[in-house]
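Protein sequence lines, in the order shown, are assigned to chains G and Y. Take the first sequence: its position 138, counting from 1, is numbered 395 in the working numbering, and each next residue is one higher. Take the second sequence: its position 184, counting from 1, is numbered 441 in the working numbering, and each next residue is one higher.
2 protein chains.
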Amino acid sequence: MSTDVAPATPKYYLLKTEVLGLIAGLQPGTLIPTERALAEKYATSRTTVRQAISELVAEGKLGRIQGHGTFVAPPKVTHVRQLTSFSDDARTQGLRPDSRLIALEVVKSDAGVAAHLGLDQGDPVTRLERIRLIDGEPLAHEIAWLPGRLPRFKSSLAKAGSLYAVLADVYGVRIADVEDTVETALAGPEDVRLLGIEMGAPLLLVHRLARDAAGVPVEWTRSSFRGDRFRFVSRVKSGG
Amino acid sequence: MSTDVAPATPKYYLLKTEVLGLIAGLQPGTLIPTERALAEKYATSRTTVRQAISELVAEGKLGRIQGHGTFVAPPKVTHVRQLTSFSDDARTQGLRPDSRLIALEVVKSDAGVAAHLGLDQGDPVTRLERIRLIDGEPLAHEIAWLPGRLPRFKSSLAKAGSLYAVLADVYGVRIADVEDTVETALAGPEDVRLLGIEMGAPLLLVHRLARDAAGVPVEWTRSSFRGDRFRFVSRVKSGG
DNA sequence: CAACATCATTGGTCTATGCCAATCTTGGCA
DNA sequence: TGCCAAGATTGGCATAGACCAATGATGTTG
C-alpha cells in the first residue's frame, strides 16, 4: 500500500483505492490481475481483495465473470426520465433500446396495485412484465399494471414498441403527469437471474404513477434498474 | 432453515429471508439476537450471518451499533424533491428538519464546478457545505456551489435557514427550473464520519443544477443521501 | 452516593483455507 | 480438420478462528 491514510480506514478500502489507481485510464473490458494475484501482491487475504473488488463492481467501475476474470466496466448510461418513454429517450442519446417481453396477462389486482390505481382489490388489471435493454445489455426489470382489460393490446404493443405510444395512439390515453419514487435496493435471486448481475448488487428501485388530465391513474409501474450501469435524470420547471 | 428454495440460492440469502421473518411486526429499536447466537442457532458461521445482516442493514431494515447490538430500523423518510427546499418539504410532512453548517467560503471554481455553472475555471464561487438532519438524525451530506461572492450571505442564511429563501428574498434570484441526476454510490470514510453510517452502505448520489428564468445557472449541488433512510420523489406535469 | 476502573459482551476487521461452478485451454481422437 | 473430453484457471461461497473497538454492567473507591 502506498500512503498512510486515516488510522481507522480499513485495509480493504486502501486496497480499493489502490485498484482504482490501477484501472485509471484503462479501456473498458481490460482484464485486471486475478484475486489470488492481487492478494499476494498486496500481502493480504483473498477475502479482503474480494471485499474491495466487490465494492468497485457495485459502483460500476469493474465487472467480473466467473471462470474468466475481472475487467474494467463501461461507463454508466444516463436516462432522462420525463414524460418520454424509455425507448424514445434512449434513441435520442444514440443508444439502441430494446425490450424483452416476459409476461402480458390480465390478472386480479392485489391490495397494493389496487390502492395505487384507485381500484378495488380483485379488479382486473393488465400486467406487463418486461426486461429493458440498451445496446443488447439488460438494464432494468419492469412490471407495469394498467387498469382493466385492453383489447388487442399485445399486437398493438408489438407494432408500436413503446407502451406510451400504444396508450396514446390506440386507446387515446394521454398522460398528463407522473410521480416517480426512487430508492436504493439490493439484488435478490430474481434480479440476478433477469439482469445478469451479482447477488446484493445495488439497484435503483423506481415506482411510477401516471395519471391522465382528469387525474385518473392510468399506469402503476415498478422498475428495478441496475445501479452500476444507470443514472436517472428528472427535470422540473417552475411554470408548470 | 425452513424451506428449500432454488438450488443456486446462497445460504446467506436463505438466512436473510429467515431474519426478515424474525423481525416482521417488531417495533423499530427492538434488538435481535447477536451474530454469534444466530450463527449457532442456524448452524452456520458468523461470516455468513454477517453477510445476511449486512444486506438487511443496507436495505434499511436493520441497524447496528458496535458493542450494543443489532436492532430493527425505523422506516424510510420520503423526500418530495421539487422546487421546494429540503426544510420546507420536511416540515409539510410533520418532520423536524435541521442543518449543520460545515463550511461556508468563497473558493476558486475547479473545472467541474465551472463547467456546470458556465464559468471559467478559477472564477470565484461560494461553497456551502452542510449536513442535513431529520428529527436530529443525519440524512444527507450536501455541498452547494453558487456563482460569485455573495455579500452578507452567512448572516442571511442563519436568519432564513433555507438556501432558496435567501436566494429569493435577499438576492432576488428566482429558480425557474432544476435538473436532478440520481445514481447509487457506496459510502466511503468521509460519508461514514459525517453521516454515521457503515462503510460501503448504499447512498443516493444526487447532483442538482438550478437555473433562473433566463436559463442562467444559479446553483450546482452535490448531495449524498443515506440510501437506507431515504426515498426520493419527483413529479412531472405535461403542461410545463 | 457518585465517580471511576475493570471486565464481559457485541459488533468490526482480517486471515487462512477448502470446495464448488463457470470458463478457457489443451490435447487426443475420429 | 474438427470435435470433444479432461484438466487448469478464475471467480463464488462458506468455515473457523483470531484480535480489535465500542458499549454497558459491575464492583470498587473516594
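Every residue gets a Cβ at the ideal spot worked out from N, C-alpha and C, and that includes glycine. Quick caveat, the model's predicted, so the values are computed rather than measured.
Worksheet item: Given that Y/V490 touches chain G, what residues does it touch there, using C-beta distances under 8 Å?
Response: Neighbours of Y/V490 on chain G, chain order: E436, D437, T438, V439.
Worksheet entry | G/V306: contacting residues in chain Y (beta-carbon distance under 8 Å) | Residues of chain Y whose Cβ lies closer than 8 Å to the Cβ of G/V306 do not exist, since the nearest Cβ in that chain is about 15 Å away.
Practice prompt. Name, please, each residue of chain Y whose Cβ falls closer than 7 Å to the Cβ of G/P395.
Written response: Within 7 Å Cβ-Cβ: nothing; G/P395 doesn't reach chain Y, min ~17 Å.
Discussion item. What does the alpha-carbon distance come out to for the pair Y/V276 and Y/A315?
Written reply: Note on geometry: alpha-carbon atoms of Y/V276 and Y/A315 lie some 14 Å from one another.
Practice prompt. Would you give the residue range spanned by the beta strand (DSSP E) that G/H325 belongs to?
Written response: Following the DSSP letters along the chain, one finds G/H325 in no beta strand (DSSP E), marked with neither H nor E.
Worksheet item: So, helix, strand or coil for G/R406, using DSSP?
Response: DSSP places G/R406 in coil when its eight states are reduced to three.
Discussion item. Taking 8 Å as the threshold (beta carbon to beta carbon), is Y/K318 in contact with chain G?
Written reply: With 8 Å as the cut-off, Y/K318 does not count as an interface residue toward chain G.
Discussion item. So, at 6 Å on beta carbons, what are the nonlocal neighbours of G/D355 in its own chain, with the 5 sequence-adjacent residues on each side left out?
Written reply: Around G/D355: L390.
Discussion item. Using a 10 Å radius around the Cβ and a threshold of 16 neighbouring Cβ atoms, would you call G/K365 buried or exposed?
Written reply: Around the beta carbon of G/K365, a 10 Å sphere encloses fewer than 16 other beta carbons of the protein chains shown; the residue is thus reported as exposed.
Practice prompt. Assign Y/L279 to one of two classes, buried (16 or more other C-beta atoms within 10 Å of its C-beta) or exposed (fewer than that).
Written response: Y/L279 sits exposed, since fewer than 16 C-beta atoms from the chains shown fall within 10 Å of its C-beta.
Item to complete: Report the partner residues of Y/I388 according to the DSSP bridge assignment.
Response: According to DSSP, which records beta bridges pairwise, Y/I388 is partnered with Y/R357, Y/H398.
Worksheet item: Is G/R492 near the ligand NAD, going by C-beta to nearest heavy atom under 7 Å?
Response: This structure does not include the ligand NAD; it has no bound ligands of any sort.
Discussion item. Report the CB separation of G/V430 from G/V475 in whole angstroms; it is logged as a contact under 8 Å.
Written reply: Yes, they are in contact, since the Cβ atoms of G/V430 and G/V475 sit about 5 Å apart, within 8 Å.
Worksheet item: Hey, how far is the Cα of G/I454 from the Cα of Y/L424?
Response: A straight-line Cα-Cα distance of about 44 Å links G/I454 and Y/L424.
Worksheet entry | Buried/exposed call for Y/E399, threshold 16 Cβ in 10 Å | Result: buried.
Worksheet entry | Among G/L451, G/A296, G/K494, G/G324, nearest to G/A397 - alpha-carbon criterion | Among G/L451, G/A296, G/K494, G/G324, the Cα nearest to that of G/A397 belongs to G/L451.
Worksheet item: To the nearest whole angstrom, what separates the beta carbons of G/R492 and Y/D367, a pair I think is in contact under 8 Å?
Response: No, G/R492 and Y/D367 are not in contact; Cβ-Cβ is about 25 Å, not under 8 Å.
Discussion item. Mapping the DSSP letters down to three states, classify Y/I289 as helix, strand or coil.
Written reply: In this structure, Y/I289 counts as strand in the three-state DSSP scheme.
Discussion item. Against chain G, with Cβ distances strictly below 8 Å, would Y/Y270 count as a contact?
Written reply: Using beta-carbon distances, Y/Y270 counts as an interface residue toward chain G, with a partner under 8 Å.
Discussion item. I need the boundaries of the alpha helix (DSSP H) containing Y/E447, first residue and last residue.
Written reply: DSSP places Y/E447 inside the alpha helix (DSSP H), whose first and last residues are 446-452.
Item to complete: Look at the Cβ atom of Y/L420, then the Cβ atom of Y/L374, and state whether they are nearer than 8 Å.
Response: Against a cut-off of 8 Å, the Cβ pair of Y/L374 and Y/L420 comes out as no contact.
Fill in: Own chain residues within Cβ distance below 8 Å of G/Y299, not counting five before or after
So the qualifying residues of the chain are M258, L272, E275, V306.
Worksheet item: G/G317 to G/L460, Cα distance in whole Å?
Response: G/G317 and G/L460 have their C-alpha atoms some 11 Å from each other.
Worksheet item: Which two residues bound the contiguous alpha helix (DSSP H) that contains G/K268?
Response: Per DSSP, the unbroken alpha helix (DSSP H) holding G/K268 starts and ends at 268-280.
Discussion item. Could you give the first and the last residue of the continuous alpha helix (DSSP H) run that contains Y/R303?
Written reply: Per DSSP, the unbroken alpha helix (DSSP H) holding Y/R303 starts and ends at 303-315.
Practice prompt. Could you tell me the boundaries of the beta strand (DSSP E) in which Y/D434 lies?
Written response: Under the DSSP assignment, Y/D434 falls in the beta strand (DSSP E) whose first and last residues are 432-443.
Worksheet entry | Assigned secondary structure, Y/L462 (DSSP; H/G/I helix, E/B strand, else coil) | Of the three classes helix, strand and coil, the one that applies to Y/L462 here is strand, per DSSP.
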